[in-house]
Each structure stands twice: as C-alpha cells, then as structure tokens.
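Trainee: Questions regarding the structure given below will be posed in turn.
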Amino acid sequence: AQSVAQPEDQVNVAEGNPLTVKCTYSVSGNPYLFWYVQYPNRGLQFLLKYITGDNLVKGSYGFEAEFNKSQTSFHLKKPSALVSDSALYFCAVRDEPSDYKLSFGAGTTVTVRA
Amino acid sequence: DAGVIQSPRHEVTEMGQEVTLRCKPISGHNSLFWYRQTMMRGLELLIYFNNNVPIDDSGMPEDRFSAKMPNASFSTLKIQPSEPRDSAVYFCASSLGLAGVNEQYFGPGTRLTVT
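Pasting the structure below:
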C-alpha cells in the first residue's frame, strides 16, 4: 500500500525566513502527490499537486514543492514565510490501485513567529 | 461559488442518540467523500460516492454508520446509535472527476461531541 510520512510534527520559523515542510512517500507505481493546508476550525485546502512533468511544482499562496524521485520526497517550500502561513499541513499520495483514494500524512504544524 | 456546505457546524448529543450530518457538494462535482478527523487516527476516509453511487464504504467503522446520496446536491452521514468514541470532526469533500488526480474541496466540517 502507498503511504506518506511527515517526519516533523512541528516546524517553527521566523517571519521572512524560508519555510520547508518535509514529506517522503512510498508507492509501487507512479506517485500522485498532493499538499493540503488546514487552518484552525476549517476544512483542508488544496495547495498543489504533482502528477507528471516538471519536478518543481508551483501552487497557491506562494508555495512550491519539489518532487525528488531518487529520494522519494516531495517537500513543500516557501521562500519567505508569513505569520498567516501558520497552519497544519498535510501531504497525501494516491492510494493505488484505487483511482480516488488518498492516503494522508499525520500532518505538520507550522508556526511562523513575527 | 459557496464551496462545500456542511451542517450543522457543531453537534453535541448524548450517547445512544441518532446523529445526522449533512453535506452539499460544489455544483457540478461528481465525486463526494466523507472523512473523519481525530487526533489519534488523523484523517480517515469513511465513504466515497461517484455520480451519487457509493463506491467504497470500507472505511465506515460499524453498522451504526450509514451514508446516503439521494441526488447530486445532497448527502447525509448518519450515526445510530452514537457513542462517545464517535466524537470527531467530520468532513465532506467533493471533486470533479477522479480525486486521485484532481483536488478535493473540503467543507468546514462538523464537530461532533457525544457525551
């Protein structure tokens, strides 16, 4: 079965500094990878996805992610973090052979201090 | 677009009572998902509908849980009887086409507390 791991429960950064949220995956076929963000008392919001193509994927709110096949990683990045980026971030992978089911990571809480 | 709408936003009920959660997906979306989120188990898929037909209900924890989608604009998740361990946040999400390729749009969730 496919799975993702988010090795860090929490990430703390200062506003204006680069932000990285780590994700590694395990799949038997081609990986379909997603990042979602959850703000307090809200549902998950889609940030970006990798299906095929360029390894660097750009998404919403200035976020990007780099797909690295050799390291089986899909880390989320933002060059300059904002206090408003403080939230819970989830990495997800399509759970093959299903064509609809996603396996979500445990989530990483990001805190950006002013 | 109003997004995915869920009601109620909060529900507090006593053990043994019936609970019904409601969801209105985004118009035109043909896939609908019910998830449960807890601290212990994270985000779990309960059931998946495609074109109003239940495709996968393997995540429904017990016979106490049931879900329906009578039409393309409405779905319900029912728990009868409810138990304290059902306390969680329940999300409905919808998607256009295949969720394994296309993004899912989540509702704001229903926070259920069973005492």
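Heads up: the sequence lines are chains A and B, in that order.
Counting from 7, one number per residue, gives the positions in the first sequence under our numbering.
Counting from 1387, one number per residue, gives the positions in the second sequence under our numbering.
Backbone N, C-alpha and C fix where the C-beta goes; we use that ideal spot for every residue, glycine too.
Given the structure is predicted, the values throughout are model-derived calculations rather than measurements.
Could you have a look at A/Tyr95 and say whether DSSP puts it in helix, strand or coil?
Mentor: It is a strand residue.
Trainee: When the Cα of A/Trp41 is compared with those of A/Asn47, A/Tyr31, A/Leu82, A/Ser34, which residue comes out closest?
Mentor: For A/Trp41, the nearest C-alpha among the options comes from A/Leu82.
Trainee: Just tell me which of B/Ile1433, B/Gly1483, B/Gly1495 has its CA closest to the CA of B/Ile1441.
Mentor: The shortest Cα separation from B/Ile1441 among B/Ile1433, B/Gly1483, B/Gly1495 belongs to B/Ile1433.
Trainee: Please name the residue or residues paired with A/Leu82 in a DSSP beta bridge.
Mentor: A/Leu82 pairs with A/Val27, A/Ala71.
Trainee: Going straight from the alpha carbon of A/Asn36 to that of A/Lys55, what length do you get?
Mentor: Each residue's alpha carbon lies about 13 Å from the other.
Trainee: Give the interface partners of A/Gly35 over in chain B, defined as CB-CB distance under 8 Å, in chain order.
Mentor: Going along chain B, no residue has its Cβ under 8 Å from A/Gly35, so there is no contact; the nearest lies around 11 Å.
Trainee: So which residues on chain D does B/Leu1431 lean against when the C-beta distance must stay under 7 Å?
Mentor: Absent from the structure: chain D. Protein chains present are A and B.
Trainee: What residues from chain B crowd round A/Phe73, counting only those whose CB sits closer than 7 Å?
Mentor: Per Cβ cutoff of 7 Å: no residues; A/Phe73 is ~15 Å from chain B at best.
Trainee: Using only the alpha-carbon positions, how far apart do B/Asn1437 and A/Ala98 sit?
Mentor: About 24 Å.
Trainee: Whole angstroms is fine: what's the gap from B/Ser1468's alpha carbon to B/Gly1389's?
Mentor: Their Cα atoms are separated by approximately 28 Å.
Trainee: Taking 8 Å as the limit between beta carbons, can you name the residues of its chain near A/Val63, skipping five residues before and five after?
Mentor: Counting only Cβ-Cβ distances below 8 Å, and skipping sequence neighbours, we find Leu54, Lys55, Tyr56, Glu70, Ala71, Glu72, Phe73.
Trainee: Tell me which residues share the same chain as A/Ala93 and place their Cβ nearer than 7 Å to its Cβ, disregarding the 5 neighbours each side in the sequence.
Mentor: Once the five neighbours on either side are set aside, the close Cβ partners of A/Ala93 are Val43, Gln44, Tyr45, Val116.
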